[in-house]
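Number of protein chains: 4
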Amino acid sequence: MTTYQIPSLVASKVSPSAHALLQKVHHFVETECIPADAVFDAQQPTDPAKRFLNTYPTIIDMLKARAREQGLWNLFLSQKHYPEGVPLTNLEYGLMAEIMGRSLIASEAMNCSAPDTGNMEVLAKYGSSAQKAQWLTPLLEGKIRSAFVMTERHRASADAKNINLEIARQGNEYILNGTKWWSSGAGDPRCKLYLVMGKSDASNPNPYKQQSVVIVPAGTPGVQVRRTLSVYGYDDAPHGHCEIAFTDVRVPLENMVLGPGRGFEIIQGRLGPGRIHHCMRSIDNSDAKGAMSFIAQAKVYVPNMSLAVIDRAVQAHGAAGVSQDFPLARMWAHQRTLRIADGPDEVHLNQLGRTENTRSGEIEDKIAMQTKKTQELMREFGIQVRANL
Amino acid sequence: MTTYQIPSLVASKVSPSAHALLQKVHHFVETECIPADAVFDAQQPTDPAKRFLNTYPTIIDMLKARAREQGLWNLFLSQKHYPEGVPLTNLEYGLMAEIMGRSLIASEAMNCSAPDTGNMEVLAKYGSSAQKAQWLTPLLEGKIRSAFVMTERHRASADAKNINLEIARQGNEYILNGTKWWSSGAGDPRCKLYLVMGKSDASNPNPYKQQSVVIVPAGTPGVQVRRTLSVYGYDDAPHGHCEIAFTDVRVPLENMVLGPGRGFEIIQGRLGPGRIHHCMRSIDNSDAKGAMSFIAQAKVYVPNMSLAVIDRAVQAHGAAGVSQDFPLARMWAHQRTLRIADGPDEVHLNQLGRTENTRSGEIEDKIAMQTKKTQELMREFGIQVRANL
Amino acid sequence: MTTYQIPSLVASKVSPSAHALLQKVHHFVETECIPADAVFDAQQPTDPAKRFLNTYPTIIDMLKARAREQGLWNLFLSQKHYPEGVPLTNLEYGLMAEIMGRSLIASEAMNCSAPDTGNMEVLAKYGSSAQKAQWLTPLLEGKIRSAFVMTERHRASADAKNINLEIARQGNEYILNGTKWWSSGAGDPRCKLYLVMGKSDASNPNPYKQQSVVIVPAGTPGVQVRRTLSVYGYDDAPHGHCEIAFTDVRVPLENMVLGPGRGFEIIQGRLGPGRIHHCMRSIDNSDAKGAMSFIAQAKVYVPNMSLAVIDRAVQAHGAAGVSQDFPLARMWAHQRTLRIADGPDEVHLNQLGRTENTRSGEIEDKIAMQTKKTQELMREFGIQVRANL
Amino acid sequence: MTTYQIPSLVASKVSPSAHALLQKVHHFVETECIPADAVFDAQQPTDPAKRFLNTYPTIIDMLKARAREQGLWNLFLSQKHYPEGVPLTNLEYGLMAEIMGRSLIASEAMNCSAPDTGNMEVLAKYGSSAQKAQWLTPLLEGKIRSAFVMTERHRASADAKNINLEIARQGNEYILNGTKWWSSGAGDPRCKLYLVMGKSDASNPNPYKQQSVVIVPAGTPGVQVRRTLSVYGYDDAPHGHCEIAFTDVRVPLENMVLGPGRGFEIIQGRLGPGRIHHCMRSIDNSDAKGAMSFIAQAKVYVPNMSLAVIDRAVQAHGAAGVSQDFPLARMWAHQRTLRIADGPDEVHLNQLGRTENTRSGEIEDKIAMQTKKTQELMREFGIQVRANL
């Protein structure tokens, strides 16, 4: 049995049952997933024409079975929002994610990989009964995969108000027209549904009510996966980052999630306030606003620091470090995307600055109190108070 | 009453009694010490010839009385090593130090300021009864101050083996000859004793047994405080960083601390393994070696980060930021010394690298296990194992 | 004789006569000025109350005489704008400035020190005959010194439109009211005139026509040098960075420079377009706009790089590096102001970005040409042209 | 006609004929090569199994013909070392390289691409007549390509003394045994010869006389190109970075270059002292040692700066920046190798430090002269000379 040690700083916040679970995850990742990483790569076609929408490495099925029989399945799902969920705190799940991150495939093996996790949360929270039966159940079973289709070219897509794909109602159908890219996961032949964010009501005076999310089954007529995008030369097959054209794509009205004009609500829910609120109660005494600030700091700080660390490791390994013989170069490329994905650094830093500035009133009050006290002390100790102090 | 909020990450590790104490410290620092900072500066002579060995700002006496009557006194002293000590963990004291650090004078007001704290610990731990009675008692009362006199010019003094001041025994006396600098605190007229590190047995084959620490009362014949050193233009009066010449300085044998050749033991004790061991038990599951590595990381990381933060604040304040109108420039200068004091960054990084490298055996074993497992999986899944994998 | 070597990259651009002059400057600086630096410091009062408006180190008079007898005098003054000027190119003068920068006092010794240089240029270029006779002549003789009084507290003074000191005409006088700070050089007892920038016509619809510059003789009633500002603890005596209050200060109409509302013209002239245009012709083939961009880059890049270099040197010298025993800490403090003075980094970077963006049209045209050519080649080589290329 | 503008700083050092040539190169690169880059990529097989040792994009042949008919051919070859060479200075060729660097394929189109350039220089300088006839002639014609085979796995190959491949003489043949990697260019089907560096005399007491370079024709029995290495996911086909096993590879004695034990001489020649000496005369007044120091600075500084610049551009482009839609990610990956290739940063910085330290004597002399002068001035001005100055 390998030994997992909780980082000292947070050890006291992890329950004994979570610790036992983390130990099992650690053993599974170190002894079964990491050794399988190279097999996962070797099982894929080398010909790019066959790497997407075609096949996937079967070793993942073996690992999924192994994970499931050990109870290491769907651990991302919070008991708070789903009866079948697990009672892990956000901190505990964070430690688990850290362990899973050591392997390319551990999170998929444990059915805890993006973008399925976020999509399952959306369906669990906002889906109709029919949507849950059709899509959530097989996702929770790990039988199918999914994509969240939002980003558009030439648009600053971190701000969802810029999204442009048209969702028009016609009779009992919605008709979609537009092009998306960076639709991650859509390259996998097991990907059976897209959650598509688009503009359904461009004339709504409230810019946060113009967007909707609809479910589009893969293979619907008019959907064309045109190509995949690479990340510093890596194509991340079979997952893939796809460009998808939607041309007169028709889906029934029942495929709308939550309701027309509620797209913003869904993406905010998808980014996890539920989980974050849960986290508040367990590790944080500050209100949600305070947490937002810490989240933004972590979102900017962590990828930059890990890029610096990996880059030093590359340099220490010499030429070998940039090659496929070590995971470093691929890790670097993946980390580099995290300075852009889910909002680039600049958006978060801007938001952080604005948040900090809201504290100015409180701080000015404190300085005024201290200055008044200083002046009193100056008088008391017979020191002349300078006019411009 | 001001409100002190413990950082979320460590809130659960702070006992209710410590939290109450931190709240009192916070209120005292914010409402009494910070307003007094400017008075402390204003009470000092502007003429440099009068700023040292002459007088000190009397407002500090008022603050000391205020701190003592509120029970905010000698809180640095661990119950572990001294009966009168307080039952604070290292983490709790760390939080207190963070609060005290907001004011120039709070730590002195609470009798928790360097170098007295370390010197009191040395005397409490290693001092004879007579040494305790003569020196420790008035230090604990806050009636006198002290200096630890170790650094020498043209010598890499972070390695105590390089120390060169001569301590020669003659009859029932020790005779000291040599010059020291950066003897911090020796500029204060209240500084009544120096703990002087020197070489008492240069021919000892064990290079860690050549040093001793002796107590030299300020004003002993042959002691000359020659000048003070500035830090980016700041002289830190009345504390001061002094150059002190010792010429045929004689002290009785009883002034030796712990015993001849035990200087290394003392400085290691002074850096606080007692407190660190205590800390181990309360916040850490790793052994002392592991903690050493974290301490080195913090020693390098924190001053560099705080320098970056202060420098940005200077830039944001424009010309005002470099001037005496804001504390930023002085804070920067002080922080800059911390990349050198108690061992420069380079010494700690070197040590860190060496410590990390000791883990290589364990890691190579794990990689060998994982590689073997990969090869088994390759065979099982019918993939040809590459010779050079 | 010391040997001066011109940096290889620019050696061919330096005329033989300039090279000979640079060699003399180098010898003077290395063998006379640098050894005198410590004497300059030692000749100043240590008591801050006596360091300003009182006395100055007389060694500077000896050095001035030495410089003058060697013809190393007023070399900053371009022949282009002043008949008595010297025929140095900007590049050649830049090399000279680099040599002078090795000593604290070389530039003053050679009557080439700020802010006198800029003020002499203003008077030479825009001054009336009477102003020249009264002020420029003794400045060129090195008999008096001067200050340019512009920056105001709580105002982003890099943008002169924010300047607020009031210049009101009353009869045949101007009356000045307001407070300035960072008036560098005004602490010197030899400083006999201030060039004061203020607002003379707040209601002018053209915001670039509201400002004027008037000459105020030091000691005029109503002028109060209230205090000096320190830079990381250094007061730069006797030069000084002063806060000056102007209360109903009256000067005759003849003290207006150039004319009412022409303050902007003067400060732009003072920053030296003449010298820059001269430079254009000799080392640059680009137009003035292109040069502006290089100047902004240098303004940001050089201080940041020199700060990094000095900081490494400080670290390499250990504790000695932060003290008065080496010039490093003082050099660092001085360099740090250059990230703020004459416009902070942020202003220059902002301007640079805007300038670069003006090139977008030209670049888009080139890319369009290249894309069209690519499509032709694709057809020619029988490769299917992708729709979204 | 496009317009090429020489950077102002060096414009005066470029001869009119070189300027005219640079203008032609610029026009060729901007209007013919850059548009062809995408065609070059599109002409390659996507299947990795077919990307090496198989075919190459034929558009390069068209570009080569175009370059040659315009006289833009073999411009790297200095007239100094080869009668047919061109009379460009190193600076002029540097400007040309900068222009060629804008396109993926311009340098190959003009027969100026690595590693052929260095290999042609070796053959021109050290090759026998037979070697020149057989290999140099077709290389100069651009009919074949070549590889320099030096780097070995698990060895710090920047120090050629660590090279381990065995070159053993047996009768009238050399027999090679060993494995190399990062043999760049060996993946191209047109690569017909390898210059192989190995150890021919391991027992030679002079460690710089143990190495030799022999010519091995591609396809010689015992040579196996085992695989290619990727750089952050890019395989750089058809060029390629190859791992090559040599097993009992036999070549005739005449394939030795220059002579046994002269491998060090050859690689030092290959790194171009000839060209550097040439450069000395034209742009530099310092001796070769001084130039070495500038070369090391540039070798470290330029790739680090270009990586920072490209990385900012990636961030500014958002997700598009990391993908194949812009050349940025590929450029970054290529630049990243330059912090390792031809000696990692650390080797050059170490060497730089050692070179700087050799100046200590000269500098100490100057400081002693200046200190003595200071003491004389102190006496002259009646200032007490401090003992410890």
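Protein chains in written order, with the UniProt record's numbering: chain A, 1 to 389; chain B, 1 to 389; chain C, 1 to 389; chain D, 1 to 389.
Glycine is no exception: its CB is placed at the ideal position from the N, C-alpha and C atoms.
I340/C places its beta carbon less than 8 Å from that of G318/B. Using a Cβ distance threshold of 8 Å, V231/A and T151/A do not count as a contacting pair. Per DSSP, reduced to three states, the secondary structure at V309/B is helical.
Taken through DSSP and simplified to helix, strand or coil, F40/C comes out as helix.
Taking every protein chain shown into account, the CB of V302/B has fewer than 16 other CB atoms within 10 angstroms, so this residue is exposed.
For W73/A, the secondary structure class from DSSP, reduced to helix, strand or coil, is coil. Approximately 6 Å separates the beta-carbon atoms of C191/C and A218/C; this is inside 8 Å, confirming the contact. At a beta-carbon threshold of 7 Å, the residues of chain D lying near P344/A are Q315, G318, ordered along the chain. Distance from the CA atom of S15/B to the CA atom of G118/A, rounded to whole angstroms, is 38 Å.
Rounded to the nearest angstrom, the Cβ distance from A245/D to Q211/D is 20 Å, too far for a contact under 8 Å. Approximately 35 Å separates the beta-carbon atoms of L88/B and A156/B; this is outside 8 Å, ruling out the contact. Proximity of T151/C to chain D, defined by a Cβ-Cβ separation below 8 Å, is not satisfied.
Listed in chain order, the alpha helix (DSSP H) elements of length 4 or more contained wholly in the segment 59-142 of chain D are 59-69, 90-100, 106-109, 116-126, 137-140.
For the options V214/C, A186/C, D236/C, the alpha carbon positioned closest to that of R226/C is the one of A186/C. Listed in chain order, the non-local C-beta contacts of Q43/B below 7 Å within the same chain comprise P57, T58, I59, local neighbours out to five positions each way being set aside. Between I215/A and L229/A the beta-carbon gap is near 23 Å, outside 8 Å, which marks them as no contact. The C-beta separation of Q335/A from S360/A comes to about 35 Å, leaving the pair out of contact by the 8 Å criterion. Taking CB atoms only, Y301/B has no neighbour in chain C less than 8 Å away. The beta carbon of V29/A does not come within 8 Å of any beta carbon belonging to chain B, so the residue lies off that interface.
Within the same chain, A124 come within 6 Å of Y82/B by CB-CB distance, once the 5 residues on both sides are set aside. By the criterion of a C-beta distance shorter than 7 Å, K199/D is surrounded in its chain by I163, N164, L165, E166, I167, Q210, Q211, once the five residues flanking it on both sides are discounted. When C-beta distances to chain C are compared with 8 Å, the residues of the segment 48-64 of chain B below that value are P48, A49, in chain order.
The C-beta distance from Y234/A to A114/A rounds to 16 Å, too long to meet the 8 Å contact threshold. Scanning chain C for C-beta atoms nearer than 9 Å to the C-beta of V322/B yields L229, S230, V231, Y232, A333, R336, T337, I340, reported in chain order. In the three-state reduction of the DSSP assignment, H241/B falls in the strand class. Per the DSSP secondary-structure output, P260/C pairs with nothing in a beta bridge. For T374/B, the enclosing alpha helix (DSSP H) begins and ends at 360-380.
Taking each of L53/B, S12/B, E254/B, R66/B in turn and checking the Cα distance to G240/B, the smallest one comes out for L53/B. If you ignore the 5 residues before and after T247/D, its C-beta comes within less than 6 Å of the C-beta of G222, all in its own chain and listed in chain order.
Taking a 10 Å sphere around the C-beta of V309/D, we find fewer than 16 other C-beta atoms and assign the residue as exposed. Y301/B sits in a helix when the DSSP states are folded into three classes.
Interface flag for V39/B against chain A is set, since a Cβ pair is found closer than 8 Å. Interface annotation, K373/A: in contact with chain B, CB-CB separation under 8 Å.
For F381/C, the neighbours in chain D by C-beta distance under 7 Å run, in chain order, V39, Q43, I59. Taking C-beta separations shorter than 8 Å and ignoring five residues to either side along the sequence, the partners of P344/A in its chain run A158, following chain order.
By the Cβ neighbour-count rule, G178/A is buried, with 16 or more other Cβ atoms within 10 Å of its own.
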